[in-house]
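**Q** I have a structure here, written as structure tokens, and I will follow up with some questions on it.
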Amino acid sequence: MQNPTYDSLYLFINGKWLNADDRDTAAVVNPATGNVLGRLPLATEADLALALDVARDSFDVWRHTVPAERARIMKRAAELMRERAEHIATQMTLEEGKPLTESRDEVLRAAEYFEWFAEEARRIHGRVVPANRPGVQQLVKRQAIGPVAAFTPWNFPAITPARKLSAALAAGCSVILKPGEESPATALALARCLDEAGLPKGVLQIVFGVPDKVSSQLIASPIIRKVAFTGSVPVGRLLSERAADGVKPITLELGGHGPVLVFADADIDAAATGGAANRFRGTGQICISSTRFLIQRPVYERFVAAFVAATEKLVIGDGMAAGTQVGPLANQRQLEKMELLVADAVAQGAKVLIGGKRIAGPGYFFQPTVLADVPMSARIMHEEPFGPIAVMRPFDALEDGLAEANRLPYGLSAYAFTRDARTAIDVGDGLEAGMIGINQYRIIATELPFGGMKESGHGSEGGTEGIEHYLTNKFISQI
Ligand code: NAD
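So the mapping is simple: the numbering used here equals the position in the sequence shown, first residue as 1, plus 25.
Set out below in structure tokens:
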């Protein structure tokens, strides 16, 4: 039976909210209780074929809708998101598990992306370039690239779709979005806001399904001109190959293994208490999380003690309960992965300073865990944990810290704590990461580019850079 506080689930194709009817369905589970919240209709091949045709036709409507009108609709949708923030946040916490306060914050930040990119829609300027021949006029126009296939994961069910949709819609693209099947109601609620704000039929469509089947059908279609994906490196690589077959650009936001360099001259308590809050926020299931804490040897013991003390105070529980700071993991698979990573590190000599075990009872809860003396051969020194495990390691000179920070093929987020201006400049220059926080863990803002380098992906979302990937350049020379 459907939980009364959880929305009914649909596909949103051609402006219609489609029930399961005779389609296959998947259960959506509350990760805090293990209870089934609802059943998600999965798109058939015919559903996806229809969505593609509609995306082609609606692109023609939307790209010819003047920017001021596109902006008006997007701002109205943002207003609706704000008005419905409590309801949408409840959906998010039920299906994803994060504390309600964080869900509320995420909905408001998603609304902000639509407001911000609404303004960017009005600033898609071209250029007039002086010619080398008399009487020739040379124009550079920037136009919407075409229908977009976008794939977003379960961990940030509002903000990750919002980053993609807001920029694509502002540019004039139609979008078929496949959100994570684990947390579908949040994306559907955002789509409702856009629909009710007056987005023309079919400009946004939401599909769910067997992810691999959906992405192969959508990306192979000549109708799709742009792909955007957030998720793991292996899936990002696969979708890159598919996009390359059709010579389509792809924006990728993939995993990370965020290093934190703590220098001996830093504010150690701020770095440690902020670090514990950052590491365990979202139960560690955040791509830009700080994960590898690299601490200069003279302050190693002090930092680790302060970090463990801050970890001990965290309140773990159902995200719907007041006061919860750390919710459950998303699913059983994540829970088992944490157990494997801890067992592997311990077998190789690591010490568990706190946590290390799943929490008995219903739901997918794992204790916030701090590991010290982890040998370099341990899996966790190479693989993104994507869960509530922090790794502590000492370093000596700046070059040693930087070398360890940059060792992995990831390059998403990195952090450093120091009071020395020279050190701050050197680590800012030397860290191989798309987003760097110095003396702080807050590195995201709507007006700033969000994205990584190396195997963490390419292409920025957010900021003035965010709309670029949904535009194409056209040069017209006329005499
Ligand atoms: P995953 O990459 O398998 O899944 C992430 C999302 O991608 C899911 O929503 C899934 O539906 C979708 N997906 C999976 N295979 C797909 C395919 N063939 N075509 C289209 N979409 C597909 O990862 P996961 O197992 O759900 O999560 C664990 C790992 O994913 C983590 O270790 C982390 O590296 C990564 N991840 C990263 C982010 C991020 O924000 N960058 C978010 C979630 C997960």
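Ideal Cβ placement from N, Cα and C applies to all residues, glycine included. Keep in mind the model is a prediction, meaning the values are calculated, not measured.
State yes or no: is the C-beta of residue 6 within less than 8 Å of the C-beta of residue 226?
**A** The shown model of the chain, from 26 to 504, leaves out residue 6, and the question about it has no answer.
**Q** Rounding to the nearest angstrom, what Cα-Cα distance links residue 98 and residue 487 in this structure?
**A** What you label residue 98 is simply residue 73 of the sequence shown in a count that begins at 1. What you label residue 487 is simply residue 462 of the sequence shown in a count that begins at 1. Computed Cα separation, rounded: 19 Å.
**Q** Starting from the N-terminal side, write out each stretch of the beta strand (DSSP E) that is 3 residues or longer and does not extend beyond the region 172 to 201.
**A** Counting only runs of 3 or more, we get 173 to 176.
**Q** Using the C-alpha atoms, what's the distance from residue 390 back to residue 299?
**A** For the purposes of this step, residue 299 is taken as the residue at position 274 of the sequence shown. For the purposes of this step, residue 390 is taken as the residue at position 365 of the sequence shown. C-alpha separation (whole angstroms): 22 Å.
**Q** To the nearest angstrom, report how far apart residue 57 and residue 308 are at their CA atoms.
**A** The count along the sequence shown starts at 1 and reaches residue 57 at position 32. The count along the sequence shown starts at 1 and reaches residue 308 at position 283. The straight-line gap from Cα to Cα measures roughly 12 Å.
**Q** From residue 4 to residue 344, what distance separates their C-alpha atoms?
**A** Beyond the ends of the chain as shown, which are 26 and 504, falls residue 4; an answer cannot be given.
**Q** Per DSSP, what kind of secondary structure is residue 384 in: helix, strand or coil?
**A** Here residue 384 is taken as the residue at index 359 of the sequence shown, counted from 1. Residue state, collapsed to three classes: coil.
**Q** I'd like the span of the beta strand (DSSP E) that includes residue 496, first residue to last.
**A** Along the sequence shown, read from residue 1 onward, the residue named residue 496 stands at position 471. Run containing residue 496: 496 to 503, per the beta strand (DSSP E) assignment.
**Q** If we require 3 or more residues per run, which beta strand (DSSP E) segments fall completely within the region 215 to 295?
**A** As far as the region 215 to 295 is concerned, its whole beta strand (DSSP E) runs of at least 3 residues are 229 to 231, 251 to 255, 275 to 278, 283 to 287.
**Q** Do residue 138 and residue 188 have their beta-carbon atoms positioned less than 8 Å apart in this structure?
**A** Reading the sequence shown from its first residue, position 163 is the one you call residue 188. Reading the sequence shown from its first residue, position 113 is the one you call residue 138. In contact: residue 188 and residue 138 (Cβ atoms closer than 8 Å).
**Q** Give me the residue from 205, 401, 78, 135 with the minimum Cα distance to residue 52.
**A** As a working mapping, residue 52 is identified with position 27 in the sequence shown. Cα-wise, what sits closest to residue 52 is 205.
**Q** Span of the alpha helix (DSSP H) holding residue 455?
**A** One-based indexing of the sequence shown puts residue 455 at position 430. Note, residue 455: alpha helix (DSSP H), 446 to 455.
**Q** At what residue ranges does the region 95 to 136 contain a whole run of the alpha helix (DSSP H), taking only runs of 4 or more?
**A** The region 95 to 136 contains these whole alpha helix (DSSP H) runs: 110 to 121.
**Q** Taking C-beta to C-beta, are residue 264 and residue 244 nearer than 8 Å?
**A** Here residue 264 refers to the residue found at position 239 when the sequence shown is read from its first residue. Here residue 244 refers to the residue found at position 219 when the sequence shown is read from its first residue. Going by C-beta atoms, residue 264 is nearer than 8 Å to residue 244.
**Q** Kindly provide the ranges of any beta strand (DSSP E) runs that are 3 or more residues long and lie completely inside the region 405 to 433, ordered along the chain.
**A** List check, beta strand (DSSP E) in window: 414 to 420.
**Q** Only counting the same chain, and skipping five residues up and downstream in sequence, which positions put a Cβ closer than 6 Å to that of residue 481?
**A** As a working note, residue 481 is residue 456 in the sequence shown. Here the set comprises 279, 281, 435, 436, 437.
**Q** Report yes or no: do three or more beta-carbon pairs, one from the region 317 to 324 and one from the region 408 to 418, lie closer than 8 Å?
**A** Yes: at least three Cβ pairs fall under 8 Å.
**Q** Looking at C-alpha atoms only, which residue of 266, 284, 247 is the closest neighbour of residue 428?
**A** The residue you call residue 428 lines up with position 403 of the sequence shown. It is 284.
**Q** Can you tell me the Cα-Cα spacing of residue 147 and residue 185, whole angstroms?
**A** Within the sequence shown, residue 147 is the residue found at index 122, counting from 1. Within the sequence shown, residue 185 is the residue found at index 160, counting from 1. Rounded to the nearest angstrom, the two C-alpha atoms are 23 Å apart.
**Q** What do you get for residue 394, buried or exposed, if any count of 16 or more other CB atoms within 10 angstroms of its CB means buried?
**A** On the sequence shown, residue 394 is found 369 positions in, with the first residue counted as 1. Counting Cβ neighbours within 10 Å, residue 394 comes out buried, since at least 16 surround it.
**Q** Taking residue 47 as the reference, which of 59, 267, 236, 71 has the closest Cα?
**A** Within the sequence shown, numbered from 1, the residue matching residue 47 stands at position 22. Measuring from the Cα of residue 47, the nearest candidate turns out to be 71.
**Q** Pick helix, strand or coil for residue 28, following the three-state DSSP scheme.
**A** As a working note, residue 28 is residue 3 in the sequence shown. Its pLDDT being 49, under 50, residue 28 is placed unreliably by the model, and nothing is read from it.
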